[in-house]
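Written out below as structure tokens is the structure these notes cover.
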Ligand code: FE
Ligand code: MN
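In my numbering, the protein residues as written are 785 to 1153.
Laid out in structure tokens, this is it:
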């Protein structure tokens, strides 16, 4: 028997410049079934109606910031690398360290998104933004290959760096222990498992991408500021702009997960997260002391480490936790300026603007370029 369609009550949904008419009853039902975890399990990608506006907005913002490594000229970097006087041994060491660390770290982040977080969340718009997040980790991995091939680095030496340097190994163990335990069919109605996922989202977004990436980012931008590695430095600036979106995705995801499962937010759990950040900061400082010749670049080691404290506190505050060093002022304001390329115009010979124009979402108000 077929039912004769009757005129049902509709509701208007706006998304940027797009307008949709949805059946009201169905829209309400879909919205109620949407949850970060333990929502309606569906293979179809029902985005409408959106419940997590932030997820779609950040997704659009990420797309507008699209970049391709090969569009960045590397000629000057290659000349500097081949020249005997343009770079010091320390400059070369830092470059190798950055390429080696990030080659592996970008992969770990992407893998955790695809095999843990994106698998466990149930809302489509969150899956959407996580798909883009994973794709950007692929772009970053690809940009590192471009650096390796341009300078003629030995890829095996880069890989070995990740396995042989104890302070890098410790940073890696810190994040992988929270990822491995979630790689099975876990029951997310169990609050202990929910806490495990919340910890994963906090550690990857706020501790790793949000804090432990910043030692090497700071070093690379410091070289860039001295006119060294102009192409590679530019790629790191684009990567950093992406990372700030990634931190934002995981921050919003964490907050939404806690809001929907508020019983997780206990004094003990907050302390556990704060302790994880303390550990992350400690490991990053150990890594800096062990591997990054900060003083040789004309920077103060004290200020550089204090910068890590400063960043960590912003991450803690971002998810509603108390800072470890209240009132700490950014000791390296120039770094913040270099990291913020949103205000710049016509950078990268207008290519990013072109990607944005060619996108079907170009009419959306992106004030980020
Ligand atoms: Fe990345
Ligand atoms: Mn990232």
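From the three backbone atoms N, C-alpha and C, an ideal C-beta is built for every residue, glycine too.
Next item on the list: Give the DSSP bridge partners of residue 805, in chain order.
Entry: 796
Notebook entry, point to check: To which residues of the same chain is residue 795 closer than 7 Å at the C-beta, ignoring the five residues directly before and after it?
Noted result: 806, 808 and 811
Next item on the list: Note down the Cα distance separating residue 991 from residue 1031, rounded to an integer number of angstroms.
Entry: 9 Å
Checklist line | Own chain partners of residue 1123 with C-beta closer than 6 Å, once the 5 adjacent residues on each side are dropped | finding: 1024
Next item on the list: From the DSSP output, in three-state form, read off residue 791 for me.
Entry: coil
Margin query: Is residue 987 close to the ligand MN? I mean its beta-carbon at under 7 Å from any heavy atom of the ligand.
Written below: no
Check: Excluding five sequence neighbours on each side, which residues of the same chain lie with their C-beta closer than 6 Å to the C-beta of residue 1003?
Finding: 878 and 1076
Next item on the list: Report yes if the C-beta distance between residue 860 and residue 1015 is below 8 Å; otherwise report no.
Entry: yes
Next item on the list: Excluding the 5 residues preceding and the 5 following residue 1013 in the sequence, name in chain order all residues of the same chain whose CB lies nearer than 6 Å to its CB.
Entry: 861 and 1007
Check: Straight-line CA distance for residue 815 to residue 1035?
Finding: 22 Å
Notebook entry, point to check: Run through DSSP, which three-state label would residue 953 get?
Noted result: helix
Checklist line | residue 1038 - DSSP class collapsed to helix/strand/coil | finding: helix
Checklist line | Residue span of the alpha helix (DSSP H) that contains residue 897, given as start and end | finding: Element bounds for residue 897: n/a, residue is neither H nor E.
Next item on the list: Would you grab the beta carbon distance between residue 952 and residue 1071 for me? Rounded to a whole angstrom, and I think it's under 8 Å.
Entry: 7 Å
Notebook entry, point to check: Is any heavy atom of the ligand FE found at a distance shorter than 7 Å from the C-beta of residue 1026?
Noted result: yes
Notebook entry, point to check: Looking at residue 1026 and residue 849, is the spacing between their C-beta atoms short of 8 Å?
Noted result: yes
Notebook entry, point to check: Can you give the Cα-Cα distance for residue 1058 and residue 804, rounded to whole angstroms?
Noted result: 43 Å
Checklist line | Collapsed DSSP secondary structure at residue 865 in the structure displayed | finding: helix
Notebook entry, point to check: Is the number of C-beta pairs between the region 915-926 and the region 961-968 that are closer than 8 Å three or more?
Noted result: no
Checklist line | Selection from 1047, 792, 857 and 847 that minimises the alpha carbon distance to residue 976 | finding: 1047
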